[in-house]
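Q: To start, I am sharing the structure in question, which I have written as structure tokens.
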Amino acid sequence: MNADSTSTKDRKVRVRIAPSPTGNCHVGTARTALYNMLFARKYGGTFVLRIDNTDLERSTKESEEGVLEGLRWLGLQWDEGPDIGGPYGPYRQLERMDTYKETVEKLLSEGKAYYCYCSPSELEEERKAALAAGKPPRYSGKCRELSPADRARLEAEGRKPVVRLRVPDTTMSFVDLIRGHQQKDMAERGDFIIFKSDGTPVYNFATVVDEHYMEMTHVFRAVEHLTNTFDQVCVYESMGWEPPRFGHLTLMLNPDRTKISKRAGAIYIGEFREMGYLPEAVNNFLALLGWNPGTEQEIFSMDELVEAFSVDTLSKSDAVFDIKKLDWFNGVYIRSLTVPDLASRVRPFMEAAGYSADDASYLERAVALITDRIGKLTEAPDLLGFLFVDDVELDPAALKTKAKFSYADIARGLKASADALEKVSAWEHEPIEKALRSTAAELGWKAGELLMPVRIAVTGSRVTPPLFESLVVLGRDRSLARIRKAIALLEE
RNA sequence: GCUCCCAUGGUCUAGUGGCCUAGGACAUCGCCCUUUCAAGGCGGUAACACGGGUUCGAAUCCCGUUGGGAGCGCCA
10 MNADSTSTKD RKVRVRIAPS PTGNCHVGTA RTALYNMLFA RKYGGTFVLR
60 IDNTDLERST KESEEGVLEG LRWLGLQWDE GPDIGGPYGP YRQLERMDTY
110 KETVEKLLSE GKAYYCYCSP SELEEERKAA LAAGKPPRYS GKCRELSPAD
160 RARLEAEGRK PVVRLRVPDT TMSFVDLIRG HQQKDMAERG DFIIFKSDGT
210 PVYNFATVVD EHYMEMTHVF RAVEHLTNTF DQVCVYESMG WEPPRFGHLT
260 LMLNPDRTKI SKRAGAIYIG EFREMGYLPE AVNNFLALLG WNPGTEQEIF
310 SMDELVEAFS VDTLSKSDAV FDIKKLDWFN GVYIRSLTVP DLASRVRPFM
360 EAAGYSADDA SYLERAVALI TDRIGKLTEA PDLLGFLFVD DVELDPAALK
410 TKAKFSYADI ARGLKASADA LEKVSAWEHE PIEKALRSTA AELGWKAGEL
460 LMPVRIAVTG SRVTPPLFES LVVLGRDRSL ARIRKAIALL EE
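Quick note on my numbering: the first sequence kicks off at 10 and runs consecutively.
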């Protein structure tokens, strides 16, 4: 009986994400989680979060929390997990040791697994020899038929055994939901370890036991597990268990097409948050990296993703992570936000930059100036900072915007502007624009020739939100004070 | 070394034998709009890895080559 049974389709869908607690939520984990969740939602199933770590040393409360936090920030919600419990717990492998032990005992008693006393150094030698001979490294099977007396002698030497699975010399197969029928001749494989000498299970074993007892119907995971799946199928068969259906997802790559790493810029979800990306943009981007809706739609809400998601259109080839496209998505989402919403998201970045953004309505008026001007939240402080300080720093040379103008010319232009602004009846966009434009006309200057020095005097920068609206938000007093100060500077 | 997976523009991808002089999006270039920067509008450049088959006809099917990736752990 091989793993290409389709009978799981009768059962209610149960899928899972099983990260190891590394302290950070890797972008690959996030995407796998997203696909699993979409699949569960699409078919009215259950999405489970399980912490996969049989390694006691690396598993801490903090390292687990980092992963959950990343997933939560993205808006991914699991129905069962270590933090919220559920009927199939516990949801941490460390707490499931009894199940693994029970399973390995059964295998041992049925002769489907056996104790092996070979030391790591002996195995290493065998492996090297095999590789040198151009053969796949394969366990020799030396301890396969140990008698109780042999075992007693080896134990007396102080050797601690591992447990190996008796792997049959047959072909294992399963149907991959993304890649189709897969098969592999196990004759070259050799008996692999399922329990370490310290009494803990190896991943490929623990995961099988977990999938079985947690009643997973589908396992979507990265393609790096594709070859491991044959080993896992062996375990299922040895136990007489029906395997879930597998789907192996593509990898994310650096621009040089190597497996994604720090070189790509950011790889942890927390980093994207710090860089000013919106979770909905990251989700949308990730969803389309390795899956396509079959239509030309690019922008998807979570609900739309659930609606459109299909295993059939998951791609088979690895995808380069192109941050430029994420930037575009982020801009699209930023522009789609309401001003109050954007303001609340911008606020922490303003505060981190040292600006006091307590006045919500003032912040909103400021943020309204930049909604279609920022691609990332981190750009807001640079653009809006001048609205949150008493004074801007000015350099007379920066005010001299054109070679044909002297310092005196600029001073004259600013003076005329200040005078005109002083007389503006209502401090609003229209009257301000009118005043400045007619000042330019009276001077015989192009509008831009006057507006740029005013812009710099008021904001301290050449790149700013639109000038008239900025003046409105800044207020008459502060605006005029800044222009007057610039004039004084030029006259020195 | 062996086994497995993958292969359309710089990038994500559509395409499942004729609808393909290969479509969309990002990026890029140009123009328009414009008070800077954006945003927006319009337009352009740019791809079926290579070689053999099969077929009246192939980006699509088969084989090989090349390239990339993964696995072969008392890591997960």
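We put the beta carbon where it would ideally sit given N, CA and C, even for glycine.
(1) Closer than 7 angstroms by C-beta to Ala456: which residues in its own chain qualify, once you throw out the five before and the five after it? Chain order, please.
(2) Just reading off the beta strand (DSSP E) that Phe204 is part of, what are its end residues?
(3) So the alpha helix (DSSP H) Ala377 belongs to, where does it begin and stop?
(4) Go through its chain and collect everything with a Cβ distance to Ala375's Cβ below 7 angstroms, but skip five positions before and after it.
(5) If you compare alpha carbons, which of Val171, Glu134, Glu114, Arg105 is closest to Cys125?
(6) In three-state DSSP terms, what is Ile60?
(7) With Leu284 as the anchor, note down where its alpha helix (DSSP H) starts and where it stops.
(8) Could you give the DSSP three-state label for Met223: helix, strand or coil?
(9) Just to confirm, is the Cβ distance from Leu260 to Ala296 under 9 angstroms?
(10) Curious, which full-length beta strand (DSSP E) runs of at least 3 residues does the segment 147-224 contain?
(11) Specify the secondary structure class of Tyr109 as computed by DSSP and reduced to three states.
(12) Please report how far the alpha carbon of Ala196 lies from the alpha carbon of Gln241, in whole angstroms.
(13) Where does Cys127 fall in DSSP's three states?
(14) Looking only at its chain, what residues have a beta carbon closer than 8 angstroms to the beta carbon of Asp336, apart from the 5 residues adjacent to it on each side?
(15) Suppose the cutoff is 6 angstroms on Cβ atoms and the five residues either side in sequence are ignored; what does the same chain contact list for Pro145 look like?
(16) Of the choices Glu104, Arg282, Ala328, whose alpha-carbon is the least far from that of Phe358?
(17) Since Arg471 contacts Val401 with CB under 8 angstroms, what's their CB separation in whole angstroms?
(18) Using DSSP bridges, identify the partner residues of Val329.
(19) Spell out the partners DSSP gives Ile26 in its beta bridges.
(20) Helix or strand or just coil, what does DSSP make of Glu305?
(21) Which residues mark the beginning and the end of the alpha helix (DSSP H) in which Lys90 is found?
(22) How long is the line joining the alpha carbons of Arg101 and Ser370, rounded to whole angstroms?
(23) Let me know the secondary structure DSSP gives Leu446 once reduced to three states.
(24) Distance, Cα to Cα, Met10 vs Tyr342?
(25) Give me whichever residues DSSP pairs with Ala122 in a beta bridge.
(26) Does the beta-carbon distance from Ala412 to Leu499 come in below 9 angstroms?
(27) Report buried or exposed for Ile496, applying the criterion of at least 16 other Cβ atoms within 10 angstroms of its Cβ.
(28) Grouping DSSP H, G and I as helix and E and B as strand, with all else coil, what is Val95?
(29) Applying the criterion that 16 or more other CB atoms from any shown protein chain within 10 Å of the CB defines a buried residue, is Pro28 buried or exposed?
A: According to the structure shown:
(1) Within the first sequence, residue 456 is the residue found at index 447, counting from 1. Once the five neighbours on either side are set aside, the close Cβ partners of Ala456 are Arg446, Ala449.
(2) Here residue 204 corresponds to residue number 195 of the first sequence, with the count starting at 1. Looking at the DSSP string, the run of the beta strand (DSSP E) that includes Phe204 is 202-204.
(3) Stepping through the first sequence from its first residue, residue 377 is reached at position 368. First-last for Ala377: undefined, no H or E at that position.
(4) Numbered from its first residue, the first sequence carries residue 375 at position 366. The residues are Leu393, Leu396, Val482.
(5) Within the first sequence, residue 125 is the residue found at index 116, counting from 1. Per the Cα distances, Val171.
(6) The residue you call residue 60 lines up with position 51 of the first sequence. Here Ile60 sits in strand by DSSP.
(7) In the first sequence, counting from the first residue as 1, residue 284 sits at position 275. Reading off the sequence shown, one finds Met at residue 284, where the question assumed Leu. Premise fails: Met284 is in no alpha helix (DSSP H) and is neither H nor E.
(8) Here residue 223 refers to the residue found at position 214 of the first sequence. Looking at Met223 - three-state DSSP - the assignment turns out to be coil, as it is neither helix nor strand.
(9) If you number the first sequence from 1, residue 260 lands on position 251. If you number the first sequence from 1, residue 296 lands on position 287. No, these two residues do not count as a Cβ contact at 9 angstroms.
(10) 171-174, 180-185, 189-194, 202-204
(11) Position 100 of the first sequence, counted from the start, is the residue given in the question as residue 109. Helix, per DSSP.
(12) What you label residue 196 is simply residue 187 of the first sequence in a count that begins at 1. What you label residue 241 is simply residue 232 of the first sequence in a count that begins at 1. Near 15 angstroms, if we compare the C-alpha coordinates of Gln241 and Ala196.
(13) Here residue 127 is taken as the residue at index 118 of the first sequence, counted from 1. If DSSP states are grouped into helix, strand and coil, Cys127 belongs with coil.
(14) Position 327 of the first sequence holds residue 336. Gly384, Lys385, listed in sequence order.
(15) Position 136 of the first sequence holds residue 145. Glu197, listed in sequence order.
(16) Here residue 358 refers to the residue found at position 349 when the first sequence is read from its first residue. Answer by Cα proximity: Arg282.
(17) Your numbering for residue 471 matches position 462 in the first sequence. Your numbering for residue 401 matches position 392 in the first sequence. About 12 angstroms separates the two Cβ atoms, so there is no contact after all.
(18) Counted from its first residue, the first sequence places residue 329 at position 320. DSSP, once it has assigned bridges, lists Leu262 as partnering Val329.
(19) Here residue 26 is taken as the residue at index 17 of the first sequence, counted from 1. Bridge partners of Ile26: Leu58.
(20) Residue mapping note: residue 305 aligns to position 296 of the first sequence, counting from 1. DSSP places Glu305 in coil when its eight states are reduced to three.
(21) Taking the first sequence and counting its residues from 1, the one referred to as residue 90 is at position 81. Note that residue 90 is Gly in the sequence shown, not Lys. It is not in any alpha helix (DSSP H) - Gly90 carries neither H nor E in the DSSP assignment.
(22) For the purposes of this step, residue 101 is taken as residue 92 along the first sequence, with counting starting at 1. For the purposes of this step, residue 370 is taken as residue 361 along the first sequence, with counting starting at 1. Distance between the alpha carbons of Arg101 and Ser370 is about 46 angstroms.
(23) Walking along the first sequence from the start, residue 446 turns up at place 437. Note that residue 446 corresponds to Arg in the displayed sequence, not to Leu. Three-state result, Arg446: helix.
(24) By one-based count along the first sequence, residue 10 stands at place 1. By one-based count along the first sequence, residue 342 stands at place 333. Confidence in Met10 is poor, its pLDDT being 30 and thus under 50, which makes the residue's placement unreliable; the coordinate value appears in the next sentence. Roughly 50 angstroms between the two C-alpha positions.
(25) Counting from 1 along the first sequence, the entry for residue 122 is found at position 113. Its beta-bridge partners are Leu174.
(26) Start at 1 with the first residue of the first sequence, and residue 412 comes out as number 403. Start at 1 with the first residue of the first sequence, and residue 499 comes out as number 490. No, Cβ-Cβ distance for Ala412 and Leu499 is not below 9 angstroms.
(27) On the first sequence, position 487 is the one that residue 496 refers to. Label assigned to Ile496: buried.
(28) Numbered from its first residue, the first sequence carries residue 95 at position 86. Looking at the sequence shown, residue 95 is not Val but Gly. Gly95: coil per DSSP, three-state reduction.
(29) As a working mapping, residue 28 is identified with position 19 in the first sequence. It is buried - the Cβ of Pro28 has at least 16 other Cβ atoms within 10 Å.
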